Structures are given as structure tokens and as C-alpha cells.
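Protein chains in written order, with full-length UniProt numbering: chain A, 1 to 214; chain B, 1 to 214.
Glycine is no exception: its CB is placed at the ideal position from the N, C-alpha and C atoms.
Just so it is clear, the structure is predicted and the values come from calculations on it, not from any experiment.
Protein chains: 2
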Amino acid sequence: MDQPADSNASDSEDGAIRRRLPPAERRQQIVDVAVRFFAEVGLDGKTRELAKRLGVTQSLLFNYFATKDDLIEAVYEKVYIGRLSPDWPERLSDRDVPLRDRLIAFYSEYSALIFEREWMRIFMFSGLAGASLNHRYLKHLGDVILRPILAETDALARGDTRPTMEDVWNLHGGIVYIGIRQHIYRMPAPEHPEDEIARAIAKYLQFFEIELEN
Amino acid sequence: MDQPADSNASDSEDGAIRRRLPPAERRQQIVDVAVRFFAEVGLDGKTRELAKRLGVTQSLLFNYFATKDDLIEAVYEKVYIGRLSPDWPERLSDRDVPLRDRLIAFYSEYSALIFEREWMRIFMFSGLAGASLNHRYLKHLGDVILRPILAETDALARGDTRPTMEDVWNLHGGIVYIGIRQHIYRMPAPEHPEDEIARAIAKYLQFFEIELEN
DNA sequence: AATTCTGTTGATCAATTGATCTTTTAATCC
DNA sequence: GGATTAAAAGATCAATTGATCAACAGAATT
């Protein structure tokens, strides 16, 4: 029932037994499972249940993380790290490409990253808990993504109403809310989020009378 | 320090001592404080800390609620009940008033209700916990508010792109996201949310080429 | 094959937590 | 003013929880 009698216990790609992993690998495995676990049940999830999911003793966790908070910190980092690739500021500012295309390119890629249950929920849990990483992330997002979007919009806006930072937050929020509905509230998702993203962007650009070719 | 020696301990409007309240009043007081408490620390907040805030013994809570879950259920109800006044469907459908005015009226009133820390956070906590009240609320919102908005928009839209339910969710999400930023992520809020709401609505209507007077 | 090394287990601790129950005491009734 | 009622306190239970530590066992080394 448990596992075929494989004399060598430490292989079997994603099997169950494999005891005695090298530390780096075990640590990574713990963090991977912890991300899914805490994303599902919240940061108050119990170490014993996490250990059960890992097929491992609860005490083993404390060989790799001094405290539960340390483990959660590792979960944060695993989830937050690399979520915003560093070349987006310049790609968003590349005026050889129409702004609409830049925005669609960004939000298509970005939404593929964040419309993901683990990210979305851990981001929300950590936000509610007031985690500093959350604040830093949002500040970074504002500085590095939304502010350039505002600058580009402002450069192209033709109407008499100038775009503001709040306009960009509104665009952003409307898009992110798709993921919130799906993963936080577990409501049915739109079939083609890309289409909704494109529409949101069109709405945004049209408001400032920015033509498609600019 | 604690309280002037008021021989009758049970008055003093919002003072500290007043022991021995009538049950209905005590129950209400517990729920009121519990709403603020759980909104702040999450639904895993401990009964002992809640009791301390009430200036009451922990065991007293269980004289009014059989279990902690019962208390949380009471918190849900207190927070959810009456959040959507029942006359909005017709007010949103009153074509004697320009759609823009109807939308602004609704979202001004609605945002005043939901841009509130307790509501926003408990809604999010309960959403993450998968509470059924949360699902019911969102379904209700969709049926009773967003669907009429869609119908009204569709009746007035002049362009060749027809509005969809996702467009309405996008409008809604963009507005709600203001509150999420403020109360979940604790970011600085826009000074005049009403202005941002009006702008979001303008964006929405303009996309479907709906004039201000319609 | 024996030895060493270390990843992992199992037992256990102390603090915490939801919940129960007896006792106390403030308010009401006669 | 003393008796009665029930709201609240206080003590306590059993289960849970994060964390510790000695003992075990799988793999590498010699």
C-alpha cells in the first residue's frame, strides 16, 4: 500500500518513501510543500499537519528552521522572489512599441505569475498579517511598474484630463481583482483572462484618448 | 485610576467597570468588540485576548456562545447583515436618472459602507477561510447589483462592443481595490475616494460611449 | 565488514487554548 | 434587610502547539 519494496529508498522522482535527503534538497522540499500548505490553510497552519503532508516527523522541521516564523519567512521569500522581473521598467518605457502593446505584454506576463493560487493567497495572508515584505513589494511595484506606466500614459494623453497615479492603481486593481475573485473568494474565473486584461487596458487608454498605434 | 467610586457599577455610558449587564446587552457588547478584535488579528485570535479587551473573564464568553465558532458566526452576521440595502436594484434601474448619476450614487453609498476596516478585513478573512456567507454575499451582489448595472449599461451602450458581466466586475474590482489597498495592505488612501470612484465610472461609461445625460 | 557521520525519528516538555464547572457576588424581589 | 436569582469570576481540564533532545538508522568512508 505504501510503496513497492524499492530497496534504494532515496530515489523515485516524486514517490513517497525516499528518506534521508541531502539537506539542501530537504530544505527546499519543505519550503515547497509549506508554500502550498500555508497558502491553503493560512499562516496559522500547524507544523504537525505540514509534517504529515511531507511524510516526515514534525521535529524534523526544526532541524531546518529554528522557529516556525523562520519557516514562514522562507515561504515568503520563496513566493515573493523573482515575481517582478527587473527588465520591466525599461520594457514599459520603450516608446518604439505602442503603449497598448507594452501594457498588454506586461499584464499578460504578470497575470500569468500572480493569478496563481499560492501566490495570491500567501500575498493576501501576509498582507493581512502586516508582513513587511508585503509593504516592500507594493512599494516596489509602485515605483518600478506603476510609475513608469503613469509617465508613459502622461506622455501620450491627449485629452484635457491628465492621468494620475490613482488611475494607474485603478487599472491595476481592476486586473488584480480577477485573481482575487478566483483564488481568494474561489469564484468561477473568466475563461480568457487575457481578453479581460486587454479590455481593461483599452478602457484605460481610451479614457485618455490614446490611439492604438501610439 | 480605574474609575471614580461610582457605587452603582452598571451605568457610566462607555466607562470601564459596569459589571453584570443584562444578557442581551452583554452579548451585543461581546459581538461588537469581537468584530474589531477579529478584524485586527484574524479569526485565529484567542478568546483570552478578546476577553481581556472586554475587561471580562474568558469563561464568560462561553456563557453567551457555546463555542468559538458560534461567536465567529455571530461576528459574520453582524458584519454582513444590512450591508446591501434592498432598494438598490430598483434605484439602479431607474431610467429617469442618468446612469452615471445612479452609479455614482450607488458606489458613493456602498464605498462608505465597505471602505471600513472591520468590514474589509473580516470579509477578506472569511473569504480566505472559505466561509459560506462570503460566497452567498458575492453571489447576491452579482445578482442584485452587478447584473442590473450590466442591463442598464447594455441598454445605453452605443458602440459596437457590448458590455459583459466581466466589464462590470472590472468596474467593481477597480473601486473595491481602493479599500483593499487601504485596509488590507494598509497603504495610504486617496484623499477623496469619491473622485476616484467618479473617474472609474467615467472610464467605464466612456468605453461604451454612454453620454453623461443618459 | 566495521566505523563514522548525520539525517531522521520518537518521546517529551512547557505553554497555550477552547471549554467546563463550581463558587462568588451584584442586582432584584419579597 | 434578608432571601433569591443569575451574571460573572476563578479554578481547572484535556487537547493542542511549538520546540527540545537523546536515540536510532541509512549511507558513505576506510
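If contacts are defined as beta-carbon pairs under 8 Å, then residue i and residue j qualify, I think. What distance do you get, rounded to the angstrom?
| i | j | result |
| --- | --- | --- |
| Arg121/A | Ile184/A | 7 Å |
| Lys68/B | Tyr204/A | Rounded, the Cβ-Cβ distance is 45 Å, inconsistent with contact. |
| Leu99/A | Glu152/A | 5 Å |
| Ile175/B | Ala157/B | That pair is no contact at about 20 Å. |
| Tyr64/B | Ile30/B | 6 Å |
| Val79/A | Val41/A | 15 Å between Cβ atoms; not a contact. |
Name the chain B residues that come within less than 9 Å of residue i, Cβ to Cβ?
| i | result |
| --- | --- |
| Tyr110/A | The premise fails here: Tyr110/A is roughly 15 Å from chain B at the closest Cβ pair, so nothing lies under 9 Å. |
| Phe106/A | Within 9 Å Cβ-Cβ: nothing; Phe106/A doesn't reach chain B, min ~17 Å. |
To the nearest angstrom, how far is the alpha carbon of residue i from that of residue j?
| i | j | result |
| --- | --- | --- |
| Arg102/A | Gly142/A | 17 Å |
| Leu43/B | Gly130/B | 12 Å |
| Tyr97/A | Leu92/B | Position check: residue 97/A holds Val in this sequence, whereas Tyr was assumed. Approximately 41 Å, taken between the alpha carbons. |
| Leu60/B | Phe37/B | 17 Å |
| Trp119/A | His172/A | 17 Å |
| Ala39/A | Phe125/A | 8 Å |
| Pro188/A | Leu113/A | 19 Å |
| Arg162/B | Ala155/B | 10 Å |
| Val144/B | Pro89/B | 6 Å |
| Asp94/A | Ser108/A | 17 Å |
| His135/A | Phe115/B | 20 Å |
| Asp70/B | Ile149/B | 36 Å |
| Ala85/B | Leu146/B | In the sequence on display, residue 85/B carries Ser and not Ala. Rounded to whole angstroms, Ser85/B to Leu146/B spans 14 Å at the Cα level. |
| Phe123/B | Pro193/A | 24 Å |
| Tyr177/A | Leu138/B | 13 Å |
| Thr57/A | Arg186/A | 32 Å |
| Arg27/B | Ile72/B | 13 Å |
| Glu209/A | Thr164/B | 22 Å |
| Asp87/B | Arg19/B | 41 Å |
| Phe207/A | Ala24/A | 52 Å |
| Ser111/B | Val168/A | 19 Å |
| Ala198/B | Ile104/B | 6 Å |
| Asp32/B | Leu21/A | 51 Å |
| Ala51/A | Phe106/B | 49 Å |
| His140/A | Arg117/B | 24 Å |
| Ala74/B | Asn170/A | 34 Å |
| Lys46/A | Thr47/B | 18 Å |
| Phe62/A | Phe62/B | 36 Å |
| Leu133/A | Leu133/B | 30 Å |
| Gly179/B | Gly179/A | 16 Å |
Just to make sure I have the definition right: I need the residues of chain A whose C-beta is within less than 9 Å of the C-beta of residue i. Which are they?
| i | result |
| --- | --- |
| Asn170/B | Gly174, Ile175, Tyr177, Ile178, Glu196, Arg199, Ala200, Lys203 |
Using the beta-carbon of each residue, which ones in chain B are nearer than 7 Å to residue i?
| i | result |
| --- | --- |
| Gln182/A | The premise fails here: Gln182/A is roughly 11 Å from chain B at the closest Cβ pair, so nothing lies under 7 Å. |
| Asp154/A | Neighbours of Asp154/A on chain B: none; closest Cβ ~15 Å, over 7 Å. |
Interface residues of chain A around residue i at Cβ under 7 Å?
| i | result |
| --- | --- |
| Pro190/B | Glu166 |
Since residue i meets chain A, which of its residues come closer than 8 Å, beta carbon to beta carbon?
| i | result |
| --- | --- |
| Tyr185/B | Gly127, Asn134, His135, Leu138 |
| Gln28/B | Near Gln28/B there are no residues of chain A at all, since even the closest Cβ is about 26 Å away, more than 8 Å. |
| Phe115/B | Per Cβ cutoff of 8 Å: no residues; Phe115/B is ~13 Å from chain A at best. |
Exposed or buried, residue i, counting other C-beta atoms within 10 Å across all chains shown (16 or more means buried)?
| i | result |
| --- | --- |
| Glu166/A | buried |
| Ala66/A | exposed |
| Arg53/B | exposed |
| Glu191/A | exposed |
| Ala81/B | It should be pointed out that residue 81/B corresponds to Ile in this sequence rather than to Ala. The residue in question, Ile81/B, is exposed, as its Cβ has fewer than 16 Cβ neighbours within 10 Å. |
| Gly127/B | buried |
| Gly159/B | exposed |
| Glu49/B | exposed |
| Glu196/A | buried |
| Arg181/A | buried |
| Gly55/B | exposed |
| Asn8/A | Note that Asn8/A scores 39 on pLDDT, short of 50, meaning its location in the model is unreliable and no value can be drawn from it. |
May I ask whether a heavy atom of the ligand PLP can be found less than 7 Å away from the beta carbon of residue i?
| i | result |
| --- | --- |
| Phe37/B | Absence of the ligand PLP from the depicted structure is noted, as is the absence of any ligand whatsoever, leaving it without description. |
When Cβ atoms are compared, which residues of the segment 118-145 of chain A fall closer than 9 Å to chain B?
Arg121, Met124, Phe125, Gly127, Leu128, Ala129, Gly130, Asn134, His135, Leu138, Lys139, Gly142
Give, in chain order, every residue of the segment 36-70 of chain A whose Cβ lies closer than 7 Å to some Cβ of chain B.
Gly42, Asp44
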